[in-house]
Structure formats: C-alpha cells, structure tokens
Amino acid sequence: MEHKLSIYTILLLLVCIVTGSACKKILEQTPKNSTYDEVFWKSGRDYQSAMAGNYALLRNTLTSKNNRYYLYGDAVAKNYFTIDYTGDGLEGIQNGDFTFKYNVQSLGDWSMFFKTITMSNLIISKIDNATDEDLSDIDNIAEFRRRIKGQALFIRAFTYFQMTRVWGDVPLVTEAYEDPITAPQLPRTSATDVQKQIEKDCKEAAALLNWGYNVKSERAVTANKGSVYALLTHLYLWRATMANLNSNVPNPADVQNADTTLTRLLAEGGYSYTDTSNYYMTFVGRSNTATSPEGIFQLYMDDRTQEGSNAHIGLEFLRSAEYVSYFGNNARFWVPNSYFNNNYQFWYWNGSQWTRPLDTLDVRYRKNFDYVKSAEPMCRKYSNVVYRNPAQNLDAYLSNDMVIFRYSDMKLLQAEIALYKNDLNTAIQVINESRQRNGSHPANRVDDTYTRDDLMYEYIVERGKEMYLEGHIFFDLLRTRMYPNFVDWLSEGRFARGGFYWPVSPSLFKENRFLVQTSYWLGKI
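Residue numbering for the sequence shown is 1 to 525, as defined by UniProt numbering.
What follows is the structure, encoded as structure tokens:
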C-alpha cells in the first residue's frame, strides 16, 4: 500500500466511503450513493486508497474520545497516571465509576469501532469479487489480492479483539451490507464466539501475508504476518485466563497456542531490540529499521507528512515551555508517586541494613519522566513536538506513532507463558534480561528464591515499566490476576462479575431492540 497519499486525500475518501455516520443502526456505515460502485473499486489504486482509509479509520477510532485506547488500557489503573478534574468527569473512570454522563456516552459508544469493522468487511467482499481486469494496473495481481485481504482481516480481528477486552460480548458481523436499509439489528454475541472469529481471521490473514516488507516505508505501519502473530499471541493469552473469570487456572491449550505462536514470531519475524541509546526512536514517527527494529504494528502519526496529532495523549502530560513553547507549568495528566514506588523501588542490602531506593539507573526511569521531584511528575515518552507554525513556535503537534505491538512486548510475554507452565527458570531469565538491558541496578534481579507468585508480581512490575502508556497495563493486570496489587477499586467479587467491562452507551439502544446492557451495569446506568 502506498503511504504517499495525503491525509486530506484519505479523509476525502472516508467521506465517500463512510457516509451515513449519523445513522442509528450499528451497521449503517456504508455508502448510500447508488452510483458509488460505478466509480470506485475499478482499479488497484482504488483498493490501495480504501486500505489506507481502513487504517485511518482504525487510527481515528483509537484516538477518538480523549485517546480512548490509552484510557481503556492504562487510565483505569489509576496508580499508573492521574487525571485531574476539569469538569467533564473523565477522572471518574480512575475510581471504577464508568457512569459519568460524558464517559458512558463517549467511551461507552462503540460506533467508531463498527465503522472500522464495516470498512474491513467491505474491502474483503470487494477484493474477493474483483476481476483481474479491475486490478490491471497492478503488476502482481495475485500477491496484491492476498495483501489487501490479509490486512483487512487483520484490522477486523484487531478491532474485535479490542472490543471484547473492553465490552466482553459485542455484536458480530462479518458480512458487507451495501444497503443500510437491509442491514440487520444485531444482538451481542458471546465474547467466546467473537474470539473464535478473531482466531479464524488471524489464521486466514497469516496465510495471506508475508514476513517483512517489500517497501521500506510500510514497515510496521501496515500489517504483515508478524503483526498477525503478535495479535494471536495476545488473543491466546487473554483467552487462557479470561474465558472463565471464576478460575485462576489458565487454559493449557491456549497457553500452548500462545507459546507456539510467539516462538515462531520471534524466530521468523526479523525483529530485535532498539538500542537504548536510541530509546525514543521506538516511538517517533515511521520506524527506521536501523535505529528502531522493534516495531511489529503501529499506527502512523508522523508529521513529516502532516499526519501528526494535536490531540495525542502525550500532549496531556507535557508541561512548561521546555517541551511546548506556550504550555504552562501544569498538565491535566501526571504520574503519581505511587507509580514510582510500586515499579521502581527495590529491596537492597547496603552493607548494614535493607533499604528501598528508587532504581534511577533504569533507562526507562531516566528517559520517560521529568519533574520527578515535583508533586506532579511528567511523562515525556511521547514528546517529539513539531510546530506547524515554526516561526512563532505555535500549533504544536506530536510526531509519535501509536505503538500497538513491539518486540519488547513479545519478549516479556515469554515470561508470562513460562509462569503459566511453571517454568520458573525461563521466567527468571526473561525478567532479568529485560532489567539488565535497561540498565537496572544489579541488585534489582530475581533468582530461584522467588516463588511463582513472587515472579508473577515482578513480571507485572517489569511490564509496567516497559509498556508504560502503551495501552496494555490494565489488561495485563486482569489477565495475570495481579490487579488487587494496583487497582484498589476492583475487588475480586467485582472482577468475577465482569465489573471491569464497560457499559454500553444508552444511545445505541434507541434503534436496536436486541441490545442488552453489560450485565454488571444493569440498573446502574
């Protein structure tokens, strides 16, 4: 897919393709223009444009509503960052109350997710029926078909995976309904069945896509076989422990599937660690293989092509003119001291007594945070600021990709799989490798005196340092059952009742009589 298309071209395309966004039905997201098919889907370039639109829709979905991807995956675990009150009630989610009007109407609304899914369905349907004549402007038509369909399947699978982690049961649709009048109103499908479809889509996508990239600029920002295997690994681990909320025993079949999938990804994907001297390159713009070989899948947000973001979550943390010329000394989002105490303190024998110093040697502590001595420390993980008005240093955009899957994430998952298999030695090796490469204090190592539970705690601490503000933390805590140590509002009883799932916005019930509210929130909304 050519990423030379400007964002303006993509947005114009989306206006055509996603007409009907104000419709009430879930599936009323396809064009109403009866002449649409007569002018589109007639060339390979049309499919490239549609695929670019599919990625743009996914990005818009995850960044909408205050960067919802990070709010679902990080913000609700309030020990990791704090949201100050400004009047909208967004901070309420950090106490486990998802019923504030703004939160339930915005973050509880899954419409944008279904726009992305509908677009994927449309591309899959069209490419399956495209003739060779339609694609005559493409050199290798067979490979092009595989690539377009594989990427659309991946986007559909990833979107549904995110939805099942946020809402549990969701409506499942895999058909492309070109006439919105005939699109059915759908009930919620069990998360178990939705995840079976995710697995099916991933396996089909993996068979269609290749390892690596023919075009350097597409690296990590379009899906390949490695992206699919990373998603499958996360799916299997989520399913292994979250299919039965009343059991803490992982499903061995899914653990084994995760192990097999991850092993192949690491062996054949061609990914490796970013050298810590180039730490920020992992999160800056389009990945360069030489300086940032970690990227497996990320959403393109590079202002070199005017596709940065002035609503990036990183801007919510930045403070002072040192980072953005016209910002003051306060930010709405900040890092509480409890995060540092929970994740960077370690027991250390100084020769006369045991102490708990902060591990200030760790490169992630040194690179990711500033103003650490203040009452409201700052996260600067995403701080590649570009001014659209450079003459006056105004109109700040962040040129930082949204990283979804990367190599360090996958390497750490090896420890989790090992712990589910009671292979403590492998878990010790993985945790220590991560700490050593990041310059952690030598005393902050684990050894064979640690129990399995001790190691799971150390593993989740390591995830909390490595994957900070990458949309994984809360889901990690749920999956590993480590949430009682970090999320005070989530009791074991509430967890067992699915009380971490989000309610569905009441606006979605108006035209769909088959929808039911998330069980935990019945009578509360």
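We treat Cβ as the ideally placed atom computed from N, Cα and C, and that holds for glycine.
Practice task
Indicate whether TRP238 and TYR501 have their beta-carbon atoms separated by less than 7 Å.
Solution key: no
Practice task
In the DSSP assignment, find the alpha helix (DSSP H) that holds ARG146 and state where it starts and stops.
Solution key: 141-167
Handout entry: Extent of the continuous alpha helix (DSSP H) run through ASN341
Key = 337-343
Practice task
Check TRP354 in the structure and name its three-state DSSP category.
Solution key: strand
Practice task
Along the beta strand (DSSP E) that carries MET51, what are the first and last residues, could you check?
Solution key: It is not in any beta strand (DSSP E) - MET51 instead sits in the alpha helix (DSSP H) that spans 44-70.
Handout entry: Rounded straight-line distance, which links the Cα of MET163 to that of VAL430
Key = 30 Å
Problem - Cβ shell of GLU466 (< 8 Å), same chain only, five flanking positions each side left out - result: ARG364, SER408, ASP409, LEU412, SER434 and ASN438
Exercise for the section: Name, in chain order, the residues that DSSP records as bridge partners for ASP370. Expected result: According to DSSP, ASP370 bridges with MET378.
Handout entry: Identity of the residues DSSP links to GLN185 by a beta bridge
Key = Its beta-bridge partners do not exist; DSSP assigns none.
Exercise for the section: Following the continuous alpha helix (DSSP H) through ASP193, name the residue where it begins and the one where it ends. Expected result: 191-208
Problem - Cβ pair PHE514, GLN185 closer than 7 Å - result: yes
Exercise for the section: Take the Cβ of SER507 as the centre, count every other Cβ of all protein chains shown within 10 Å, and call the residue buried at 16 or more, exposed below. Expected result: exposed
Handout entry: beta strand (DSSP E) runs contained entirely in the stretch 248-328, provided each spans 3 or more residues
Key = For the stretch 248-328, whole beta strand (DSSP E) runs of length 3 or above, ordered along the chain, are 295-299.
Exercise for the section: List the DSSP bridge partners of ALA396. Expected result: TYR387
Handout entry: Cβ-based burial, GLY87 [other Cβ within 10 Å; buried from 16]
Key = With a 10 Å radius around the Cβ and a threshold of 16 neighbouring Cβ atoms, GLY87 comes out exposed.
Practice task
Go through the stretch 451-496 residue by residue and report every complete run of the alpha helix (DSSP H) that reaches 4 residues or more, in order.
Solution key: 452-466, 473-480 and 492-496
Problem - Unbroken alpha helix (DSSP H) run spanning ILE431, endpoints - result: Run containing ILE431: 424-437, per the alpha helix (DSSP H) assignment.
Problem - For TRP349, the residue or residues it bridges with in DSSP - result: TRP349 is bridged to TRP354.
Practice task
Using three-state DSSP, classify TRP211 as helix, strand or coil.
Solution key: coil
Practice task
Give the range of the alpha helix (DSSP H) segment to which PHE114 is assigned.
Solution key: Here the alpha helix (DSSP H) through PHE114 covers 111-129.
Handout entry: Assigned secondary structure, ILE83 (DSSP; H/G/I helix, E/B strand, else coil)
Key = strand
Handout entry: VAL170 (DSSP reduced to helix, strand or coil)
Key = It is a strand residue.
Practice task
Return the CA-CA distance between ARG481 and ASN246, expressed in angstroms with no decimal places.
Solution key: 11 Å
Exercise for the section: Tell me, please, which residues DSSP counts as bridged to ARG445. Expected result: In the DSSP output, where bridge partners are listed per residue, ARG445 has none listed.
Practice task
Look at ILE155 and ALA230 and say whether their C-beta atoms are less than 7 Å apart.
Solution key: no
Problem - Extent of the continuous alpha helix (DSSP H) run through VAL104 - result: 101-106
Exercise for the section: Tell me where the beta strand (DSSP E) around VAL403 begins and ends. Expected result: 402-406
Practice task
Please state whether DSSP places THR35 in a helix, a strand or coil.
Solution key: Caution is warranted here: a pLDDT of 42 is assigned to THR35, below 50, making its placement in the model unreliable, and no coordinate value can be reported.
Exercise for the section: Report the partner residues of PHE333 according to the DSSP bridge assignment. Expected result: ILE83
Problem - DSSP three-state assignment for ILE93, whether helix, strand or coil - result: ILE93 sits in a helix when the DSSP states are folded into three classes.
Exercise for the section: Taking 8 Å as the threshold, find out whether the stretch 442-454 comes into contact with the stretch 299-309 through three or more Cβ pairs. Expected result: no
Handout entry: LYS381 classed as buried or exposed, judged by whether at least 16 other C-beta atoms fall within 10 angstroms
Key = By the 16-neighbour rule on beta-carbons within 10 angstroms, LYS381 is buried.
Problem - CA nearest to the CA of PHE327, picked from LEU235, TYR80 and GLU316 - result: GLU316
Handout entry: Same chain, Cβ closer than 6 Å to ASN389, neighbours up to 5 away in sequence not counted
Key = ASP395
Problem - Inter-residue spacing [alpha-carbon to alpha-carbon] between ASN310 and TYR397 - result: Distance between the alpha carbons of ASN310 and TYR397 is about 4 Å.
Practice task
Give the secondary structure of ALA77 by DSSP, where H, G and I count as helix, E and B as strand, and everything else as coil.
Solution key: Three-state DSSP puts ALA77 in coil, outside helix and strand.
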